[in-house]
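Residue numbers (this note's numbering): 7 to 297.
Beta carbons are placed, not taken as given, at the ideal position from N, Cα and C, and that holds for glycine.
What follows is a single structure, written as C-alpha cells, with notes after it.
Written out as C-alpha cells, the structure is:
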C-alpha cells in the first residue's frame, strides 16, 4: 500500500530535522507541494491521499539534496521574491527574504521616470521588483559573473520587467550618460569579511558563490566603493541603498556621511536586525512613484 501524504509529510520533516535543517516542517511542505503540484492548503485537506510512486521517488531525490543543506530555493529551482517568482541556479547568489526590505526601500524612493541602478544583481531580484512595482524610466543591473547576467536577463523576460542587464564590475558597464543622473543606486553587495566565512550557515557557505559573499579583509571593501561611486553617479537628491552585515551597519552609515552623503540612516528587517544603510546626495529629492 502506498504511504499517505500525512505519513510522508511527517517522515520528511523528521529527516530534515535530523539533518539540521532550520525549518524542517516548512521545507518538507514545500518539497511535497513541488512533487505533487499542490497548494500548501491541500496537504491538510488531502492528507489521507496516497502518494503515487513517481512522486515518492522524486521526493526522495529532493529530500536528499535538502538534507545535504543545499538551499531550498536551489532544490526547487525557483524562489518567490515580493510579488514575482524567480528562477535560481548554481553559481548565482540566491536572494533571501530579508532582501525584500532592501527592494521595498528602493521602490519607495524611485521617482516616476527615474533612473535606477542595481550592481551585484545576481538573479535580478531587486531590479525586477523596482521595475515592476514602481514607475521608473530606466532600470539597469550589472554583475561580474556571466551566469548571473544570463539568469537575471531570463528572469527579467519571464517577469515582463524592463531591465537592462550588463556584465562588468559595479558601475563600469553603465553608459556614461547616466553619470550624475542616477536617482536610486541599490545593491546587496558582498559584505562578509574573509575571516567570517566559517560563521556562515551551510546553505550559504556551501552553495552561494564566494564572489557574491566575501568583500575582502574587512567586509567594507565593496560597500566603500559603492558609496564613493554614489557621490559621482547620483543626481542631486538621489539615494544609495545597501544591504549590509548587521554588525557593520552603523560603521557603513558613518562612512557614507564622511564622504559627503547626507541623511544616512539604518533600516531594520522584520527580525529587528540592522539590514539596510541608506543615504542620499545633497540636493532636492524627486517625488517617488513607489509605494
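According to DSSP, which residues form a beta bridge with residue 245? 190 and 286
Determine, using beta-carbon pairs with one atom in the region 88–103 and one in the region 122–141, whether at least three such pairs fall under 8 Å. yes
Please list, in chain order, all residues of the same chain as residue 122 whose beta carbon is under 6 Å from its beta carbon, the five residues on each side excluded. 116, 136, 142, 145 and 190
Have a look at the DSSP bridge pairing and note the partners of residue 144. Its beta-bridge partners are 121.
Output needed for residue 255: all residues of its chain with C-beta closer than 6 Å, excluding positions within five of it in sequence on either side, in chain order. 272, 280 and 283
Compare the C-alpha of residue 188 against each of 228, 223, 10 and 119 and name the closest. Closest option to residue 188, Cα to Cα, is 119.
Identified DSSP bridge partners for residue 240: 188
Just tell me which of 90, 243, 210 and 218 has its CA closest to the CA of residue 151. 218
How about residue 289 and residue 242: are their beta carbons less than 8 Å apart? The criterion of a C-beta distance shorter than 8 Å is satisfied by residue 289 and residue 242.
Anticipated Cβ contact below 8 Å, residue 192 with residue 247, distance rounded: 5 Å
Mind checking residue 24: buried by the 16 CB within 10 Å criterion, or exposed? With fewer than 16 other Cβ atoms inside 10 Å of its own Cβ, residue 24 counts as exposed.
Thinking just about the alpha-carbon of each residue, which of 177, 185 and 138 is nearest to the one in residue 2? Shown here, the chain extends from 7 to 297; a query on residue 2 therefore has no answer.
Return yes when the Cβ of residue 35 is within less than 8 Å of the Cβ of residue 49, no when it is not. yes
Considering residue 66, what are the terminal residues of the alpha helix (DSSP H) in which it resides? Run containing residue 66: 59–73, per the alpha helix (DSSP H) assignment.
Is DSSP giving residue 45 helix, strand or coil here? coil
Measure from the alpha carbon of residue 30 to the alpha carbon of each residue in 64, 69 and 51, then state which is nearest. 69
Looking at the structure shown, is residue 225 part of a helix, part of a strand, or coil, going by DSSP? coil
Could you tell me the distance, in whole angstroms, from the CA atom of residue 22 to the CA atom of residue 209? 13 Å
Bridge-paired residues (DSSP) for residue 170: 146
Compare the beta carbon distance of residue 54 and residue 18 with 8 Å and say whether it is the shorter of the two. no
Three CB pairs or more closer than 8 Å across the region 173–180 and the region 99–109: no
What are the residues that DSSP puts in a beta bridge with residue 92? 85
Return the chain-ordered list of same chain residues with a C-beta closer than 6 Å to the C-beta of residue 182, the five sequence neighbours on each side being excluded. none
Once DSSP output is grouped into helix, strand and coil, what is the label at residue 274? strand
Going straight from the alpha carbon of residue 285 to that of residue 250, what length do you get? 13 Å
Alpha-carbon to alpha-carbon, residue 178 and residue 14: Approximately 51 Å, taken between the alpha carbons.
Name the two residues that bound the continuous alpha helix (DSSP H) containing residue 265. Premise fails: residue 265 is in no alpha helix (DSSP H) and is neither H nor E.
Evaluate residue 148 with the Cβ neighbour count: other Cβ atoms within 10 Å of its Cβ, from every protein chain shown; 16 or more gives buried, anything less gives exposed. buried
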